[in-house]
Every structure is written in C-alpha cells, then in structure tokens.
Amino acid sequence: MLVVTASQIAGRPIAETLGLVRGSTVRAKHIGTDIVAGLKNLVGGEVTGYSSLMAGAREQALDRMIAEAQTLGADAVVDMRFETSQIMGGASEILAYGTAVRLDAAS
Numbered sequence: 005m006l007v008v009t010a011s012q013i014a015g016r017p018i019a020e021t022l023g024l025v026r027g028s029t030v031r032a033k034h035i036g037t038d039i040v041a042g043l044k045n046l047v048g049g050e051v052t053g054y055s056s057l058m059a060g061a062r063e064q065a066l067d068r069m070i071a072e073a074q075t076l077g078a079d080a081v082v083d084m085r086f087e088t089s090q091i092m093g094g095a096s097e098i099l100a101y102g103t104a105v106r107l108d109a110a111s
C-alpha cells in the first residue's frame, strides 16, 4: 500500500477515487512518565517516554487507516495527514486520514 502526503503519485495515474479513509487511537500517559518528564523539565532534553508513546500512537493510527483503505480495494492513500487533539488531561487522540484511490493498472 502506497501512502503519500502528495495529491498524486509520480508515474502512477489515479484511475478511481474511493473516498476518505481514517484511523485513530487515543492514548493516555503514564504517571511514571510524568515524573520523568518533570525531572527532564529541570535539566532539559527529550522526554523519550512521551516520544515513544506518540510514535506508537501514530503507527497504530496509520495501520488502522491502511486497513480501512484495503477494505475498499485501494492501491494507495494520497493526501495523507496526521492530526492530534487533547481529549482530556493526559489523553490525546491521534488521527491519520487521507483519500483512498485505485491506481491505473496500465502504468
């Protein structure tokens, strides 16, 4: 499955647009990560616990979007984007979305 942030794929004309596909996940942070983040705030640097949490959430949202595109028979997803929003204190939603398409088989 090709997933691109562009509206086209070089050398691969779009034969059919199948529609919007999306995948999301909501993740909550761990109290232990908050403690480490508080200490990092004093000395600076990357909070690897949060980085890891968000990376895993993005991958899960992307996998769910791809699965939805596959159920439509898509070859690719174009104009793919990520969005995030805070659901409540300590919990965020990651949303992956784009347009599922079928590519021209003749190319």
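Just so you know, the sequence shown maps onto residues 5 to 111 in this note's numbering.
Cβ coordinates follow ideal geometry from the N, Cα and C atoms, glycine included.
All of these numbers come straight from a predicted model, not from anything done at the bench.
DSSP places Thr9 in the coil class of the three-state scheme, outside both helix and strand. Counted as a single uninterrupted DSSP element, the beta strand (DSSP E) harbouring Gly23 occupies residues 18-32. Distance from the CA of Arg106 to the CA of Asp67, rounded to the nearest whole angstrom, comes to 18 Å. Sixteen is the threshold: when 16 or more other Cβ atoms of the shown chains lie within 10 Å of the Cβ of Met84, as they do, the residue is buried. DSSP, reduced to helix, strand and coil, places Asp79 outside both helices and strands of the structure shown, so it counts as coil.
When DSSP states are grouped into helix, strand and coil, Ala95 belongs to the strand group. Here the segment 11-18 does not lie against the segment 84-97, with fewer than 3 beta-carbon pairs under 8 Å apart. Assigned with DSSP and collapsed to three states, Ala100 falls in strand. Taking each of Val7, Ala32, Ile70 in turn and checking the Cα distance to Leu57, the smallest one comes out for Ala32. Cβ-Cβ distances below 6 Å link Leu76 to Leu22, Ala104 in the same chain, with the five nearest sequence neighbours on each side left out; the list follows chain order.
If the five residues before and after Met5 are omitted, its C-beta is found closer than 8 Å to the C-beta atoms of Ile70, Ala73, Gln74, Ala78, Asp79, Ala80, Val81, all from its own chain and listed in chain order.
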